[in-house]
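Okay, structure first, notes after.
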Amino acid sequence: MSKDTEKKIPDLSRFDKYLKAKPQGDGISESLAEIYEDDKGARVNVREMNIRRRRSIVGRFGLAAVYLIIAAALVGGVYYWLVNRGADVTALDFSIQSVEGLKANQDFTYTLNFHNKEKNPLTNVEITVVYPDSFIFIDSSPATSEGNNKWRLQDMEGMASGQITIHGRIIAPTGQSNILFADFSYRPSGITSSFKKTASVDTILASSGIDIMTTAPGSALVGQEETMSITYAPQDKNYLNHFSLRLEATENVKVGAPQLFDGVSYKDPASWNIDLSKPAKKPLVISFKLLDKKVDVENIKLVFEYTPENSDHAYRFEEKNFPIDVIKNSLNLTMSANGSSADQGVDFGQTAQYSISYANKGETTMNDVIIMAVMNGDAIDWRKISDKNNGKVTGSSIIWTKEEVPALKTLLKGQEGTIDFSLPVRPLTEAKLISRYEINSYAQFSIGNKPEDLSLDNETNRSNQLSVKINSDISLDEAVRYFDQDNIAVGTGPLPPQANDTTTVKVYWTIANSLHEIGNLKVTTTLPSNVSWDGKDRAEAGSLSYDASTNKVTWDIGRLPLSVPSVSAEFSIALKPRTSDHNKLMILVSGTSLVGVDSQTGYPVSLILKSQTTKLERDDIANTDGIVQ
């Protein structure tokens, strides 16, 4: 401050002394009187007072006092802030220490250090820790207040320090970050606001404590068995006395049984337990095969895990990834029945015509090819197999080698061929010998093997699977009669028929069924041009109808449940031969057909009957040759 602006502060002690020495009582009254008089000694009307706006010496002094009060308040605030700097998070030291060079499952300690650098006490002190997923908590000092990660501490005096130690283990892959986070929350004494300081530490394992070596092929042929090997040994200082090994892959990878030895136990098709207390004298070998080429590269992962005692949680400490190029086999096989590779239905006693088409679609020649047809189902009548190549029948399979099919000795690039054979379905009379009314089949190939060494589980070398299901035993009986079974005439007119005269007969339809329910069932026939509908119809189920424009008779049954073993219908027809029909045998009903859907197999069923003539083949009483007279 310059000398021109510098002012002295009045001595306030002298003013106090003056107040103490001033008389009281009347002196006060006199002073008040002086206040309410003007310069001439007259009373002043305070209600009409005029205030002159000029600064007296006292006014200037009062303004200076105000400035001094504000300055003192500022100085006091700064002083309070300096004294109570604990409201600033920088006034608190909070850090975490860990250990370097750890191995998996090795005991170690986190140390949490905290120090209040200011004189102001801290209240509501609470420390919360978030552990890495790989951490196993054992204990702490002091003990936790809640769970295994929260401590509520006593008030912390100014300049005080504290420490928390956390004892535990980490199981994680080598080199992986394992970060612990901690929050120190508190409230400075005399302040209502809470503050928080955060610290963290990253603990990275130096080793799992186990030396692991793995080998695996870089490529694999579809359907061919491949192997990978795992060699393992504990290090001098190791804290894992056992571990589990799991193979992770898509469903396209089929894992075989490993070569087990002491210290290795088999959990499931892709998981093993390893006991490190028993030294491994040889590698663990795992076999696998690729079932198909769904992708160009199939990824296989080996996962190494440790599960502590009295725990269900498995901690991963190592993993190995193997990208394997997929190589597709080069022989295409297609299985078909009755000219179709789609699933289909057959009837009892029907012969199914099978074909296996093969083609070398690869880039190289294939030598010594073996093809096998696998036919699963006891509905096959193996006694009546027909195979011009004379394949070898073994159980439910037929095998062809270069001995039966010379073309299989050498299949050049692009070369194709077909193997045909037929298998009949057992007749209805042998239905009791059938446990499953279905034949499942596929073709399979191998290269260079002996026929007896073929494996049926090699799904990659298979053709399409083909299902042939046996339809229900539905039947349709058709009888055209002049006399019914009771020898009562149901027809009219001359018998045998005569030219230019009308003869009527009755048509009887009977449907029988016992194996599966039939839906959408319908029977139809188209009458010859010289035969007409004569009515007198009756149906036990469904409805009979006649279309005069097409001369077609239709029996629409719809659904035929198993609870109805048979159902029948009847109607009359009329024949009027022409003169030109003399000495002829006339057709009354031609090619009656039945159609429906087997509700069990889902496939259509159909029947077509032979023609019925004026000979009345089903009427023994009529006894006529049917020749028009």
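Plus 295 on top of the position in the sequence shown (first one is 1) and you've got the numbering used here.
For each residue, glycine too, the CB sits at the ideal point set by N, CA and C.
Here the structure is a predicted model, which means the values were calculated and not measured.
Residue from the options with nearest C-alpha to residue i
i, options, result
"N547", "D587, S582, Y534", "D587"
"A836", "G558, N594, N815, T821", "N815"
"A467", "T908, Y601, P860, R482", "Y601"
"S824", "R873, A864, R854, V862", "R873"
"N671", "T646, P618, E614, K764", "K764"
"N918", "I622, W677, Y777", "Y777"
"Y803", "S606, L771, K817, P791", "L771"
"S838", "R854, N846, V720", "R854"
"P564", "T696, L555, D570", "L555"
"L925", "S827, T896, I922", "The question about residue 925 has no answer, for the chain in this structure spans 296 to 924."
"I499", "G396, T404, S692, S436", "G396"
"T545", "G891, K596, V496, G897", "K596"
"K831", "P856, V862, S861, S867", "S867"
"K709", "A654, R913, A702", "First, the residue type needs correcting, since residue 709 is Gly and not Lys in the sequence shown. The residue with the shortest Cα to Cα distance from G709 is A654."
"L857", "K817, V826, I769", "I769"
"S488", "S480, N685, A494", "S480"
"A794", "L904, K871, K727, D829", "K871"
"S539", "K549, A528, K562, V775", "K562"
"G690", "D673, V775, K683, V592", "D673"
"A668", "T713, V641, T509", "T713"
"N616", "M630, N605, V592, D607", "V592"
"A792", "T849, S863, L883, A647", "One detail in the question is off: residue 792 reads as Pro in this sequence, not Ala. Ranking the options by Cα distance to P792, first place goes to L883."
"N684", "R678, A702, W677", "A702"
For residue j and residue i, believed in contact at Cβ under 8 angstroms, the rounded distance
i, j, result
"V580", "S524", "5 angstroms"
"M451", "G457", "7 angstroms"
"D893", "N766", "5 angstroms"
"I422", "A477", "6 angstroms"
"K414", "G453", "4 angstroms"
"L718", "Y649", "7 angstroms"
"I680", "F716", "7 angstroms"
"I474", "P427", "6 angstroms"
"D796", "G788", "6 angstroms"
Contact under 9 angstroms by Cβ, residue i with residue j
i, j, result
"S503", "F599", "yes"
"I665", "F740", "yes"
"D557", "K573", "yes"
"L889", "S901", "yes"
"K704", "D663", "yes"
"G786", "T805", "no"
"T887", "N846", "no"
"I433", "R482", "no"
"R833", "E812", "no"
"V420", "T404", "no"
"S636", "N759", "yes"
"L728", "T660", "no"
"S861", "N808", "yes"
"P603", "N444", "no"
"R913", "A784", "no"
"K817", "D851", "yes"
Enclosing beta strand (DSSP E) for residue i [first to last residue]
i, result
"A784", "Taken as a continuous stretch (DSSP letters only), A784 belongs to no beta strand (DSSP E), as it is neither H nor E."
"L728", "Per DSSP, L728 belongs to no beta strand (DSSP E) and is neither H nor E."
"L579", "579-585"
"A738", "733-742"
"D478", "474-483"
"K817", "813-821"
"P719", "711-719"
"P618", "610-622"
"G921", "Neither: G921 is in no beta strand (DSSP E) and is coded neither H nor E."
"F490", "490-497"
"Y561", "559-563"
"I505", "505-510"
"K596", "592-601"
"K549", "548-550"
"F556", "No beta strand (DSSP E) holds F556; DSSP gives it neither H nor E."
"Q458", "456-465"
"R541", "537-543"
"F389", "387-392"
"P529", "521-529"
"E421", "417-425"
"A774", "770-776"
"A761", "This sequence places Leu at residue 761; Ala is not what is there. First-last of the beta strand (DSSP E) with L761: 761-765."
"N411", "403-411"
Min CB distance residue i to chain D below 9 angstroms
i, result
"L790", "Reference to chain D is not applicable here, since this structure consists of a single protein chain."
Go through the stretch 842-917 residue by residue and report every complete run of the beta strand (DSSP E) that reaches 3 residues or more, in order. 847-855, 861-870, 882-893, 899-903
Runs of beta strand (DSSP E) wholly within the stretch 626-690 (minimum 3 residues, chain order): 626-632, 639-641, 646-655, 664-671, 687-689
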